[in-house]
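Just below is one structure, and these are the notes that go with it.
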Amino acid sequence: MIEAVGLTKRYGDKTAVYNLSFQVRPGAVTGFLGPNGSGKSTTMRMILGLDQPTSGQVTIGGYPYRRLPNAPRQVGALLDAKAVHGGRSARSHLLCLAQLSGIPARRVDEVLGVVGLQDVAKKRSKGFSLGMGQRLGIAAALLGDPQVLLFDEPVNGLDPEGILWVRNLMKSLAAEGRTVFVSSHLMSEMALTADHLIVIGRGQLLADMSVKDFISHNSADFARVRTPDTEPQQREKLTAALTEAGGQVLPEQDGALRVTGLPLPRISDLAHEADVRLWELSPHQASLEEAYMRMTQGAVDYRSTIDQRAGLQQPLPPGVTPPQPMPVPGQGQSGWYAPPPPQQGGQPFAMPQAPAGAPYAGGQAAGPYAAGPAAAPNPYAQPPAAPAPATPDTTQRTSEDPR
Numbered sequence: 253m254i255e256a257v258g259l260t261k262r263y264g265d266k267t268a269v270y271n272l273s274f275q276v277r278p279g280a281v282t283g284f285l286g287p288n289g290s291g292k293s294t295t296m297r298m299i300l301g302l303d304q305p306t307s308g309q310v311t312i313g314g315y316p317y318r319r320l321p322n323a324p325r326q327v328g329a330l331l332d333a334k335a336v337h338g339g340r341s342a343r344s345h346l347l348c349l350a351q352l353s354g355i356p357a358r359r360v361d362e363v364l365g366v367v368g369l370q371d372v373a374k375k376r377s378k379g380f381s382l383g384m385g386q387r388l389g390i391a392a393a394l395l396g397d398p399q400v401l402l403f404d405e406p407v408n409g410l411d412p413e414g415i416l417w418v419r420n421l422m423k424s425l426a427a428e429g430r431t432v433f434v435s436s437h438l439m440s441e442m443a444l445t446a447d448h449l450i451v452i453g454r455g456q457l458l459a460d461m462s463v464k465d466f467i468s469h470n471s472a473d474f475a476r477v478r479t480p481d482t483e484p485q486q487r488e489k490l491t492a493a494l495t496e497a498g499g500q501v502l503p504e505q506d507g508a509l510r511v512t513g514l515p516l517p518r519i520s521d522l523a524h525e526a527d528v529r530l531w532e533l534s535p536h537q538a539s540l541e542e543a544y545m546r547m548t549q550g551a552v553d554y555r556s557t558i559d560q561r562a563g564l565q566q567p568l569p570p571g572v573t574p575p576q577p578m579p580v581p582g583q584g585q586s587g588w589y590a591p592p593p594p595q596q597g598g599q600p601f602a603m604p605q606a607p608a609g610a611p612y613a614g615g616q617a618a619g620p621y622a623a624g625p626a627a628a629p630n631p632y633a634q635p636p637a638a639p640a641p642a643t644p645d646t647t648q649r650t651s652e653d654p655r
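By the count of our numbering, the sequence shown reaches residue 655 at its end, each step adding exactly one.
Below you can see the structure in the form of structure tokens.
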């Protein structure tokens, strides 16, 4: 079992992890979720003794990692699949790890077979694809047959067959009573793999519960309602009736309606009273991705503003308040520069205009990468080199040639 108590890590003025406490129990796959920069990798490094906590502690089976006897045979980890010497073969790499930890050489061939690399065991790792590198990293984690396993993005670079294999591997390891701790950004895969979730944001604990409880606590069940596609007035009539009855109605991309706040029998009665024909009325539960986005929306450090202006971001769930923008360090202080916003007449990314009367190079594309006006000289251009003096031709004879 992995247990963290009051775990805090600071790098100078930056706090990467703050007062983090959780338990990862054996017999289940525990997912470790959080936005980029939330402290997941730092937490895993502290679990493995690679980083020293500023305060608090984390133990494995009651001991810090550095005090575990023969730790590689008790704990296996995949943090960086690229941490392999490119000149070594897969088998040589695993043999080195086995010799350092007192693991029999026959175990190397066993794990190569488990991860499906037995046919390329003698191939140099620098020629491996991203997915093959991930399989080699998983083999290294399994080498000591440990009871505790940590994986950071284990399906990175794998094809669908490989992702399914990793999913089944994680479940089988947990079914054997091992402690399995998996960090990933693939919500759809985590929903199929994990039994329990630990979610952090900006270094602090946001949730520690089962996947089912996490979804139910951070999302609302909804009904999917569809009216005849050829009769949009029926959809508008139903929307008005549902809204008047206290429901929240959101249109979906395929023309259906997502309704929350009303049970299915009530929706059916309202449609009947409004004389609206229904093509679909079905209950739905929010996905892990929707619940995760709602939970972590205020803990995201990097958010696209271009997508917001273009309408490319999905709308927030009903009743959710958008997070306040984070202040930009240094903004408003002397020496800080930002281009003027377009609504104030500024064009921060436009090329300088040509002087009045200058000819325009017709047919050229406009934009920041377009060629400048034909008559506009380049102030940074180098002056042309002077032509080299002509070399006299001495190969032809003249009348005065003594030969």
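Ideal Cβ placement from N, Cα and C applies to all residues, glycine included.
Cβ-based neighbour list, residue i, same chain, cut-off 6 Å, excluding 5 preceding and 5 following
i    : result
V418 : P406, V407
W300 : Reading off the sequence, residue 300 comes out as Leu, not Trp. These residues qualify, in order along the chain: Y317, A329.
A497 : L522
E255 : Q275, T311
L514 : G499
D473 : Q537
A280 : A426, D447, H448
Per-residue burial, residue i [other beta carbons within 10 Å of its own, 16 or more giving buried]
i    : result
G365 : exposed
A426 : buried
S273 : exposed
T282 : buried
D404 : buried
Q386 : buried
A618 : Confidence at A618 is low in this model, with a pLDDT of 40, below 50, so the placement of that residue should be treated as unreliable; the coordinate-derived value is given next. With fewer than 16 other Cβ atoms within 10 Å, it is exposed.
Contacts around residue i, its chain only, beta-carbon distance under 7 Å, and the 5 residues preceding and following it disregarded
i    : result
M547 : V451, L458, A459, N470
M253 : Q275, V276, R277, P278, G313, T431
P480 : Q486, R529, W531
A373 : S341, A342, R343, L364
L331 : M296, D404
I415 : V407, E441
A543 : F466, I467, N470, S471
R359 : A350, L395
M298 : L259, K261, P305, V310
Proximity of residue i and residue j at Cβ, strictly below 8 Å
i    : j    : result
S520 : L509 : no
A475 : H524 : no
K266 : T306 : no
P398 : V336 : no
T295 : V257 : no
R454 : S293 : no
F433 : F284 : yes
A526 : L490 : yes
N271 : Q505 : no
A323 : L388 : no
G308 : L369 : no
Alpha-carbon to alpha-carbon, residue j and residue i
i    : j    : result
L382 : L394 : 19 Å
S344 : R478 : 60 Å
A493 : S468 : 27 Å
T311 : L522 : 57 Å
L444 : I390 : 19 Å
Q500 : P287 : 29 Å
P517 : D447 : 33 Å
L540 : Q351 : 42 Å
L346 : A392 : 6 Å
G507 : D361 : 55 Å
Y315 : D371 : 39 Å
A357 : L438 : 35 Å
L302 : V367 : 26 Å
G264 : S436 : 27 Å
M422 : E488 : 48 Å
V400 : M384 : 23 Å
E483 : D411 : 43 Å
Q565 : G409 : With a pLDDT of 48 at Q565, under the threshold of 50, the predicted position of this residue should be treated as unreliable, and no value is reported.
N420 : V511 : 36 Å
G429 : A538 : 30 Å
R545 : K464 : Contrary to the premise, residue 545 reads as Met rather than Arg in this sequence. Cα to Cα, M545 sits roughly 15 Å from K464.
Sequence-distant residues of the same chain with beta carbon closer than 8 Å to residue i, five excluded per side
i    : result
R340 : C348, R376, S377
L320 : I312, G313, Q326, V327
S462 : D447, H448, L449
S353 : N322, P324, R325, L395, G396
T495 : V501
Inset, instruction - Return the chain-ordered ranges of every alpha helix (DSSP H) run that is complete within the segment 342 to 399 and spans a minimum of 4 residues. - result: 342 to 353, 358 to 367, 382 to 394
Legend entry - Any beta strand (DSSP E) of 3 or more consecutive residues that is wholly inside the segment 468 to 534: 474 to 478, 500 to 503, 509 to 512
Legend entry - Sequence ranges, beta strand (DSSP E) only - wholly within the segment 396 to 462, length at least 3: 400 to 404, 431 to 435, 448 to 453, 456 to 462
Legend entry - 4 or more residues per run - each alpha helix (DSSP H) lying fully within the segment 253 to 321: 292 to 299
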